[in-house]
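Heads up: the sequence shown begins at 6 in this note's numbering, then just goes up one per residue. Just so you know, even glycine gets a beta-carbon here, dropped at the ideal spot from N, CA and C. Below is one structure; the comments refer to it alone.
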Amino acid sequence: MWTRTRAYRAARTKRCRKTSSAGSSSTWPPSATWRSERAAGQCEPDRSRAPAYQDARRRALVDFLRGYVGSQYRFHRSYEESLETAKAWLAQQRGYWEAAAKQDQSALAELRGRIAELEGGKSWLDEQRARWEQAAAQKARELDELNARCLELGRSKDWLEEQRRAWEQAARESEQRNEELRAWIGQLEQAKAALLEQLAREQGVGETLRREVERLRARTERVRRSWLYRALARLRLLEELDGT
């Protein structure tokens, strides 16, 4: 576009220069009158010079087209080079992206495996948490039972303490009674010794009496037998006397 505007301005300046040289004898550069006419739009080509104007216009158009085609060629060439460069860069980037994609795929596979492991670990942790909660509930119940048992044991301890004090009091009283019983037992032992001594003496007297009784029994038996023999002898004698 810039080349076309430049060619158009050059052709118009050339046309105005020819017109100015035909209308006046002044030389280039044009006078101030021509400049004012040009500014007012009065610088128009001479119709009698149409072939020259057309030729100049064709040359200007050809120059413009050559410049435009050249610029477009250079632009397209530069654009193709840019495309080739961009294509090479994109190919390089594609390689980078493919390598990165492979790494990402391996990383994703690793992450999927890790996620699967974490999900398995989460399931295991959920199971463990459920077991721990169940165990904690069981422990809580056991602790409640132990607390209740401790309260009962505390009350039992107080009761046992009272019982211990009562037993100690009873033990002191029992010890006092035992002392009294020991004294009484000592007295009984003394009485027993005296009784045993008296029993021994009485047993000696009894033995003497027993021997005397035995002697009397033996003597009585001898006397009885003697009387019996005498009676039998008298009976025999009487029988003999009766028989004679």
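- Taking the CA atoms as reference points, Lys92 sits about 33 Å from Leu116.
- A residue is called buried when at least 16 other Cβ atoms come within 10 angstroms of its Cβ; Ala105 does not meet this threshold and is exposed.
- For the region 55–94, there is no continuous beta strand (DSSP E) assignment of 3+ residues that stays within its boundaries.
- The C-alpha of Arg215 is placed about 41 Å away from the C-alpha of Leu243.
- A direct Cα-Cα distance of roughly 39 Å separates Leu165 from Trp137.
- Rounded to whole angstroms, Gly100 and Trp94 show a C-alpha spacing of 10 Å.
- A buried status is given to Ala65, since no fewer than 16 other beta-carbon atoms sit within 10 Å of its beta-carbon.
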